[in-house]
DNA sequence: CGACGCTTTGACACAACTCAACAACCGTGG
DNA sequence: CCACGGTTGTTGAGTTGTGTCAAAGCGTCG
């Protein structure tokens, strides 16, 4: 019997099937798991450390703090997501990362990263695909905040999250566990926490989705897609 | 006497000095200039063509069109900027690109791109730095739309633009040519064109900057930075 | 000259924010 | 066991920033 695939391996496999050797190398790359507690700040804005991370389990939060103290969430990494790849290239982190739940990550340094590209270029390409996809999602996020209403934007956010969770097998039966607070959501969607509450109520009353006790239930994805103007990611 | 450096070479040189051979290779890479007319749509959303571009002269506009027809501008590329690198990796363009002025570009296909990384890894690293920097700017843009007021956001936009133009020698004496319409600005800033007009008037009345006849004049960068909560890009 | 694109301004409407109060739900310690 | 403070969620009332609609001013180009 095969060992279980890591979330990242599962995700990359949807892009291109990986050989046994590539999978083994990937496993090795992620071999030393680091357990982090809920709320730990792994990467600080302005950090010079040249590390990227891969999230194995748990949820995280990538965000920027503006000079006036406001917070903008860039994305909520879920298992299988890469974190801080850009910071490695830039030698400085332009954003912070903290865990929203207890989590397990692997740390990858810059040298190790170049190794991947030299030794297993196909694997490197798959990882590059994955981070490019995340970028595309960020751009979508930008378009949403700039041009969608609060209601559309919120619906869109949950649909996109669903899609990302599905890719690593964490979404089934139209529902998933979601540790985000309304405050977290607000900082991601560019809204006030209070308004997020009202929008969630609207979505509930429209019988599109519910979000109670850290559990999201999608009641009517089709209608929700129409409302959000949702297009599949690639 | 040395031949004049291309805008891209100028920009990369601020990251790391390039050797004569690297510069020669870069020149060769950009050897076949393509002239495009104002308003040409070089890349369409959803295109499968595997091309990236480097902008030599003129201004461009990278944007997304949402299902309801709304437009969100991601960035306005200026000389020296790379366009559509992500699309090459993803095999599909998640956004469109059109020229705002008559412009000159070079086209780079995927194979040629891999060549760069294999033959001149240092040059490849410099290009990777440049696109990562653009990503960081996009993330900043996201934070601005999500968490800054229209006034702060607009001021911030012009400061960031200034910084990018300075890097390729197109900003001097506190002023620069700027072919953007207020409508373009609106689609970049997530505002209505009418409100952009009001904000520009405010900035003028505060004696921070003016924008008339396609010319931006910065009157007081220091005060403007304070207003915008501007932090230098790396 | 007229047509067109871009800018400017005013009046009004509405989406989203702020403030304030309260309810529900923890985990902790007495 | 219950009392407690802290975090999160909920709701209402009033305010404000930004959008919409409408109309007019300007340049430029054919």
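Residue numbers (this note's numbering), protein chains in the order written: chain A, 1 to 234; chain B, 1001 to 1234. We treat Cβ as the ideally placed atom computed from N, Cα and C, and that holds for glycine. All values derive from a computational prediction rather than experimental measurement.
Is DSSP giving residue i helix, strand or coil here?
i	result
residue 96 (chain A)	strand
residue 1007 (chain B)	helix
residue 1041 (chain B)	strand
residue 50 (chain A)	coil
residue 88 (chain A)	helix
residue 209 (chain A)	strand
residue 180 (chain A)	coil
residue 217 (chain A)	strand
residue 148 (chain A)	coil
residue 173 (chain A)	coil
residue 1014 (chain B)	helix
residue 1124 (chain B)	helix
residue 30 (chain A)	coil
residue 233 (chain A)	coil
residue 1078 (chain B)	coil
residue 35 (chain A)	strand
residue 193 (chain A)	helix
residue 1136 (chain B)	helix
residue 1109 (chain B)	strand
residue 1066 (chain B)	coil
residue 226 (chain A)	helix
residue 1104 (chain B)	strand
residue 1168 (chain B)	coil
Mark residue i as exposed unless 16 or more other C-beta atoms lie within 10 angstroms of its C-beta, in which case mark it buried.
i	result
residue 1067 (chain B)	exposed
residue 214 (chain A)	exposed
residue 1217 (chain B)	exposed
residue 21 (chain A)	exposed
residue 1198 (chain B)	exposed
residue 147 (chain A)	buried
residue 224 (chain A)	buried
residue 1048 (chain B)	exposed
residue 1085 (chain B)	buried
residue 83 (chain A)	buried
residue 226 (chain A)	exposed
residue 1190 (chain B)	buried
residue 1096 (chain B)	buried
residue 1172 (chain B)	exposed
residue 1152 (chain B)	buried
residue 1154 (chain B)	buried
residue 7 (chain A)	buried
residue 188 (chain A)	buried
residue 1032 (chain B)	exposed
residue 1174 (chain B)	exposed
residue 1232 (chain B)	exposed
residue 58 (chain A)	buried
Taking C-beta pairs closer than 7 Å, name the residues in chain A that residue i reaches, listed in chain order.
i	result
residue 984 (chain B)	No answer is possible for residue 984 (chain B): the residues shown for chain B start at 1001 and end at 1234.
residue 1050 (chain B)	Residues of chain A passing the Cβ test: none, with the nearest at roughly 13 Å.
Under 7 Å between beta-carbons, which chain B residues line up against residue i? List them in chain order, please.
i	result
residue 190 (chain A)	1145, 1146 and 1147
residue 92 (chain A)	1234
Taking Cβ-Cβ distances shorter than 8 Å, what residues in chain A pair up with residue i?
i	result
residue 1229 (chain B)	66, 67 and 68
| query | What residues in the segment 52-85 of chain A have a beta carbon less than 8 Å from any beta carbon of chain B? | reply | 64, 66, 67, 68, 70, 71, 72 and 74
| query | Three or more beta-carbon pairs under 8 Å between the segment 160-167 of chain A and the segment 1157-1168 of chain B, yes or no? | reply | no
| request: Could you name the residues of the segment 133-151 of chain A whose beta carbon sits closer than 8 Å to any beta carbon of chain B, in the order they occur along the chain? | output: 133, 135, 136, 138, 139, 140, 141, 142, 143, 145, 146, 147 and 148
| Touch check for the segment 1121-1140 of chain B and the segment 1011-1031 of chain B: three-plus C-beta pairs under 8 Å? | yes
| said: Can you pull out the residues from the segment 1012-1025 of chain B whose beta carbon lies closer than 8 Å to at least one beta carbon of chain A? | reply: none
| said: For the pair the segment 100-113 of chain A and the segment 28-47 of chain A, tell me if three or more CB-CB distances fall below 8 Å. | reply: yes
| Do three or more CB pairs link the segment 1172-1185 of chain B to the segment 1134-1145 of chain B at distances below 8 Å? | no
| message | Using a Cβ distance threshold of 8 Å, determine whether the segment 1193-1211 of chain B contacts the segment 1110-1127 of chain B, with at least three qualifying pairs required. | response | no
| query | Taking contact to mean at least 3 C-beta pairs separated by less than 8 Å, is the segment 1188-1195 of chain B in contact with the segment 1106-1125 of chain B? | reply | no
| request: Would you list, in chain order, the members of the segment 1168-1194 of chain B that have their beta-carbon closer than 9 Å to a beta-carbon of chain A? | output: 1187, 1188, 1189, 1190 and 1191
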